[in-house]
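S.K.:
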Amino acid sequence: MSQESVAYLTPTSRRQRAVSALHRLWQDKVAFFAAVFLLIVIFSTLAAPWISPHDPAVGKIGNRLKPPAWMEGGDPNYLLGTDQQGRDVLSRIIWGGRVSLTVGFVVVGLAGAFGTLVGLISGYFGRWVDLLIMRIVDVQSSFPGLLVALTFVMVLGPGQWNLIAALTFNGWMIHARMARSQVLSMRETTMVESARAIGCTTSQTLFGHILPNIISPLITTYVLEMAHMIGAEATMSFLGYGIQPPQASWGLMIGEGRVYITNAWWLVTFPGLAVALTILSLNLVGNWVRTEFDPLHRSRH
Amino acid sequence: MKVWSRVIALLLAVVLGISLAGCSSGQKPAEKPAEKQPEAPKVKDSITIALQGEPTSLDPQFPDDGNMRAVTDNVFEGLLELDGQTLKPKPALATEYKVVNPTTWEFKLRSGVKFHNGETLTADDVVFSVTRIIDPKFKSQIAGNFSSIKTAKKVDDSTVQIITNGPDPAMPVRLTLLKIMNKKHVESVGDKVTTQPVGTGPYKVTEWNRGVHILVERFDQYWGNKPSIPKAKYRFIQEGSTRLSALKAGEIDLAVNLLPEYAKEVPQVATAEGLEFPFIRLNHFKGIMANKLMRLAVNYAIDKEAIAKNLFGGYATVAQGQLFKPGYVGFNPNLKPYPYDPEKAKELIKQAGYKGEKIQLIAERGRYLKDGEFAEAISMMLRDVGLNVELKYYDWQEWLKTLFNRERAPDMMYSSHGNEMFDADRTFSSLVHSKGPMSSYNSAEVDKKIDQARTEMDPAKRQKLYEEIGQMIYDDPAFICVVNLKDIYGLSKDLQWKPRQDSRITLYEMKLAGQ
Chain A
0 MSQESVAYLT PTSRRQRAVS ALHRLWQDKV AFFAAVFLLI VIFSTLAAPW ISPHDPAVGK
60 IGNRLKPPAW MEGGDPNYLL GTDQQGRDVL SRIIWGGRVS LTVGFVVVGL AGAFGTLVGL
120 ISGYFGRWVD LLIMRIVDVQ SSFPGLLVAL TFVMVLGPGQ WNLIAALTFN GWMIHARMAR
180 SQVLSMRETT MVESARAIGC TTSQTLFGHI LPNIISPLIT TYVLEMAHMI GAEATMSFLG
240 YGIQPPQASW GLMIGEGRVY ITNAWWLVTF PGLAVALTIL SLNLVGNWVR TEFDPLHRSR
300 H
Chain B
4 MKVWSRVIAL LLAVVLGISL AGCSSGQKPA EKPAEKQPEA PKVKDSITIA LQGEPTSLDP
64 QFPDDGNMRA VTDNVFEGLL ELDGQTLKPK PALATEYKVV NPTTWEFKLR SGVKFHNGET
124 LTADDVVFSV TRIIDPKFKS QIAGNFSSIK TAKKVDDSTV QIITNGPDPA MPVRLTLLKI
184 MNKKHVESVG DKVTTQPVGT GPYKVTEWNR GVHILVERFD QYWGNKPSIP KAKYRFIQEG
244 STRLSALKAG EIDLAVNLLP EYAKEVPQVA TAEGLEFPFI RLNHFKGIMA NKLMRLAVNY
304 AIDKEAIAKN LFGGYATVAQ GQLFKPGYVG FNPNLKPYPY DPEKAKELIK QAGYKGEKIQ
364 LIAERGRYLK DGEFAEAISM MLRDVGLNVE LKYYDWQEWL KTLFNRERAP DMMYSSHGNE
424 MFDADRTFSS LVHSKGPMSS YNSAEVDKKI DQARTEMDPA KRQKLYEEIG QMIYDDPAFI
484 CVVNLKDIYG LSKDLQWKPR QDSRITLYEM KLAGQ
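First to last, the sequence lines map onto chains A and B.
For the first sequence, position 77 matches number 76 in our numbering, and the numbering has no gaps at all.
For the second sequence, position 421 matches number 424 in our numbering, and the numbering has no gaps at all.
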């Protein structure tokens with residue numbers, strides 16, 4: 000064995016791999032800035048109670064519809080202006096991001112875990128199990144997602160947790176399909192065969208051998224689905240069936256500010272930018288993750 | 004060779020054909036202006052009005068629907084009508100009336116009034132219309148306005164008597180809301196009465212293209228003054244911002260219900276004191292707000308001036324401690340709005356022994372001007388004085404169910420009240436009387452006075468009773484009375500119209516400049 004192939008397994012070289020991954024991220028400038036933007040969003044939402052200049056739910060009606068600070072009539076206390084209730088737009092964007100990211104993470108966490116598990120089972124056992132599960136997935140996917148979510152929320156009543164339930168109910172199918180297709184190709188490999196041969200239990204084979212080997216394409220799906228779910232949250236809140244006032248959410252801000260678009264553009268523009276940039280960044284980072292995890296794809300670039 | 008020549012001939016034919024077609028299509032636009040030019044100097048003979056929604060029906064006796072009234076107020080008439088500025092009833096289809104005895108009113112009908120189908124108005128039509136709307140089987144949504152009417156009877160072809168259950172001093176105003184239909188038409192068309200309206204008004208409906216528009220045209224045999232505008236089209240544009248841009252683009256001539264923020268942008272803005280009083284109904288029956296001190300506290304906690312000035316951009320006036328304005332029967336001139344005094348509110352809350360319990364505020368949004376924002380502003384001010392207010396928006400149907408069911412009454416409820424009879428009885432009977440359909444107030448003493456006033460035929464005594472009731476529900480508050488909204492209309496440059504106090508959209512009072 001040569002020196003290099005041994006070093007491949009040592010911790011030092013793992014660090015090297017991480018460094019070289021970061022290096023490749025730096026080379027892919029678009030993905031790099033997307034990742035930086037996401038980090039800023041994540042940081043600001045985590046630190047919302049400390050960094051937001053005002054209480055997002057409290058405003059003075061006398062201060063309503065003040066333009067951003069740099070415009071004529073703007074107030075330096077309200078950097079991005081105030082909304083129709085006299086609340087600070089910047090603070091609401093920061094707190095609204097918290098809602099969006101919470102919904103995104105929780106939904107992808109729940110839907111991803113459930114969907115992946117179902118997909119693993121479906122792909123591994125095949126035959127009638129596979130048939131049954133995939134038909135359920137097909138049936139559920141054939142309903143328009145937004146409609147199902149709207150019905151769900153109308154029955155349960157609007158609110159953050161009901162919205163999460165609705166989106167999770169709607170979002171697990173793609174993970175199941177994804178995991179199943181990966182398992183199908185993995186199931187027949189000699190690795191799985193030998194794992195079975197040495198007496199691994201089903202769950203050992205599934206979680207110890209198959210899952211680690213298919214996780215990278217799944218992670219790409221998680222990241223992309225997160226963008227999708229943040230968009231769905233914004234849509235539902237925009238329609239008034241998501242986050243309820245006085246809580247802030249980007250979609251809700253756009254929905255409430257919509258009527259003032261002709262004379263108070265900042266109500267819609269800034270939360271709109273926040274949604275658009277976050278979703279774009281997640282997609283870009285998702286793409287980068289895909290190339291990073293897929294060496295074949297990477298070598299082509 | 005022959006084949007080739009054929010191909011060439013065919014090609015030539017095609018080319019010639021195309022060029023000819025090109026010529027003729029090229030000529031068309033040239034012809035059009037030539038045809039149109041003589042018409043150009045003529046003033047346009049039609050206007051377009053944008054309503055917020057499509058009428059549910061054009062049977063003016065059935066739904067309680069403002070979008071419908073915007074059309075039917077020009078198509079149908081009552082025995083009496085309201086003067087748009089003074090709010091006093093004046094003759095319409097009846098030329099005169101007298102009180103025969105406290106429960107019998109006699110009306111003389113105008114002669115020579117024609118319906119749009121050519122029929123002449125007779126006493127039979129009036130009797131038919133009155134008995135139709137009060138028929139419990141018909142289930143009219145506005146039957147509540149006419150609950151005091153027992154029956155109507157024909158005296159002769161041009162005289163009708165209306166018999167009431169008890170004395171009803173508000174009868175003339177009630178009758179301004181009761182539209183007279185053509186008996187023969189209604190009986191012959193059956194269900195189509197909702198889409199084929201036949202009235203006596205200055206305009207007749209010529210077309211209703213569902214989801215697109217309603218067209219009306221001047222009725223040539225109208226008995227009264229001939230309206231200035233020959234034709235009109237009603238369009239339905241739900242979004243305020245879309246109505247605004249349609250108006251700015253010249254697609255429409257009149258846009259109803261604009262946001263105050265839009266007033267600066269429209270070619271011409273017209274406003275009038277409107278009917279609507281957005282207010283908060285307090286639960287006097289049960290729960291935390293049953294405590295009088297709490298109800299007083301919330302009245303002190305609301306900055307009504309700020310809501311009128313900022314939220315409604317000055318297109319609202321602070322309500323005078325009641326849901327009436329001067330001119331209404333029953334307006335109490337002694338009441339003043341509760342001053343904005345958060346310190347006093349906090350003190351009262353403390354006295355009431357409030358310990359941070361959750362207080363519900365139920366509202367809806369999208370139906371009235373800035374309803375959602377109004378409720379949010381109120382909840383914010385209440386939170387400022389330390390109340391743990393939970394604001395919830397219900398959808399329209401759910402909100403209505405909550406409004407009309409006392410068992411479900413929340414601690415506080417947003418609603419908007421418009422009294423198109425300008426008579427205190429309507430407000431008190433429905434919102435204050437403990438048996439009123441939308442009431443969450445419970446006082447035997449107030450109930451007694453409301454019942455008494457309803458049948459008091461002496462206007463001075465009746466006014467005094469209403470002033471007393473007004474004072475009682477002010478001292479032991481039934482509501483947070485906040486503001487009275489103005490109606491904001493956007494008009495195109497050449498449209499002339501003075502909006503009315505009763506919020507009716509009277510096409511027959513409009514004019515185009517240059518006519």
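In this text, a Cβ means the ideal position worked out from N, Cα and C, and glycines have one as well.
1) At the 8 Å Cβ level, is I253/A part of the contact set with chain B, yes or no?
2) Spell out the partners DSSP gives L416/B in its beta bridges.
3) In angstroms, rounded to a whole number, what distance separates the CA positions of M1/B and I52/B?
4) Determine the extent of the beta strand (DSSP E) in which Q164/B is found, giving its start and end residues.
5) Please name the residues in the stretch 242 to 272 of chain B whose beta-carbon is closer than 9 Å to at least one beta-carbon of chain A, in chain order.
6) Take V267/A and list the residues in its own chain whose beta-carbon comes closer than 7 Å to its own, dropping the five residues that flank it on each side.
7) Assuming the contact rule is C-beta atoms closer than 8 Å, S236/B and L218/B should be a hit. Round their C-beta distance to whole Å, please.
8) Quick one, are the C-beta atoms of L37/A and L281/A less than 8 Å apart?
9) Looking only at its own chain, which residues have a Cβ that is under 6 Å from the Cβ of T458/B, when we skip the five neighbours before and after it?
10) Check whether the stretch 490 to 503 of chain B touches the stretch 404 to 424 of chain B, taking contact to mean three or more Cβ pairs, one atom from each stretch, closer than 8 Å.
11) Fully enclosed by the stretch 38 to 119 of chain A, which alpha helix (DSSP H) runs are 4 residues long or longer?
12) Have a look at I242/A and S141/A and give me their C-alpha separation to the nearest angstrom.
13) Suppose the cutoff is 7 Å on Cβ atoms and the five residues either side in sequence are ignored; what does the same chain contact list for F113/A look like?
14) On a CA-only basis, which of V392/B, S382/B, M384/B is nearest E360/B? Give me that one, please.
15) Could you tell me which chain B residues have their CB closer than 7 Å to the CB of Q84/A, listed as they occur along the chain?
16) In whole angstroms, give me the CA-to-CA distance for P94/B and K117/B.
17) Which runs of the beta strand (DSSP E) at least 3 residues long sit entirely within the stretch 430 to 495 of chain B? Give them in chain order.
18) Consult DSSP for R177/B and reduce its assignment to one of helix, strand or coil.
19) Can you name the residues of chain B whose CB is closer than 9 Å to the CB of N212/A?
20) Only counting the same chain, and skipping five residues up and downstream in sequence, which positions put a Cβ closer than 6 Å to that of S437/B?
21) So the candidates are V201/B, T125/B, A146/B; which of them puts its Cα closest to the Cα of T134/B?
22) With C-beta atoms as the reference, is Y206/B less than 8 Å away from Y492/B?
23) Look up P94/B in the DSSP assignment and say whether it is helix, strand or coil.
24) Could you give the distance in angstroms between the alpha-carbon of S121/A and the alpha-carbon of V107/A?
25) Would you give the residue range spanned by the beta strand (DSSP E) that K229/B belongs to?
26) Once the 5 residues before and after D159/B are set aside, which same chain residues still bring their CB inside 8 Å of it?
27) Considering only the beta carbon of each residue, do V176/B and D426/B sit closer than 8 Å?
28) Whose Cβ in chain B lies nearer than 7 Å to the Cβ of R91/A?
29) Rounded to the nearest angstrom, what separates M70/A and L314/B at their Cα positions?
30) Please say whether V163/B and V129/B have beta carbons closer to each other than 8 Å?
31) Would you check if the distance between the CB atom of W265/A and the CB atom of A30/A is smaller than 8 Å?
32) Verify whether the separation of the beta carbon atoms of P345/B and K307/B is less than 8 Å.
33) If I follow the unbroken alpha helix (DSSP H) through A73/B, where does it start and stop?
34) Using the three-state DSSP reduction, which class does R198/B fall into: helix, strand or coil?
35) How many angstroms separate the CA atom of G96/A from the CA atom of V40/A?
36) Please confirm whether G58/A has its beta-carbon closer than 8 Å to some beta-carbon of chain B.
M.R.: According to the structure shown:
1) Interface criterion not met: the Cβ of I253/A is under 8 Å from no Cβ in chain B.
2) For the sequence presented, residue 416/B should be read as Met rather than Leu. Looking at the DSSP assignment, M416/B forms a beta bridge with R284/B, I365/B.
3) Nothing about residue 1/B can be reported from this structure: the residues present for chain B run from 4 to 518 only.
4) 162 to 167
5) E242, G243, S244, L247, S248, L262, E264, Y265, K267, E268
6) I253, G256, R257, I260
7) The question names Ser, but residue 236/B is Lys in the sequence shown. Contact holds; Cβ gap of about 5 Å.
8) yes
9) Excluding positions up to five away in sequence, the list reads G169, P170.
10) no
11) 47 to 50
12) 26 Å
13) Within the same chain, W171 come within 7 Å of F113/A by CB-CB distance, once the 5 residues on both sides are set aside.
14) V392/B
15) E376, E379, A380, M383
16) 16 Å
17) List check, beta strand (DSSP E) in window: 482 to 484, 486 to 494.
18) Shown here, R177/B sits in a helix according to DSSP, grouped into three states.
19) Near N212/A there are no residues of chain B at all, since even the closest Cβ is about 49 Å away, more than 9 Å.
20) Close CB contacts of S437/B within its chain, under the 6 Å cut and outside five residues either way in sequence, are with N445, D450 (chain order).
21) A146/B
22) no
23) strand
24) 20 Å
25) No beta strand (DSSP E) holds K229/B; DSSP gives it neither H nor E.
26) A126
27) Their beta carbons are under 8 Å apart, which means V176/B touches D426/B by this criterion.
28) Chain-ordered listing is empty here: chain B has no CB closer than 7 Å to the CB of R91/A, the nearest sitting near 13 Å.
29) 22 Å
30) yes
31) no
32) no
33) DSSP places A73/B in the uninterrupted alpha helix (DSSP H) bounded by 69 to 75.
34) Looking at the sequence itself, residue 198/B is Thr, so the reference to Arg does not match. DSSP places T198/B in coil when its eight states are reduced to three.
35) 7 Å
36) It does: the Cβ of G58/A has a partner Cβ on chain B nearer than 8 Å.
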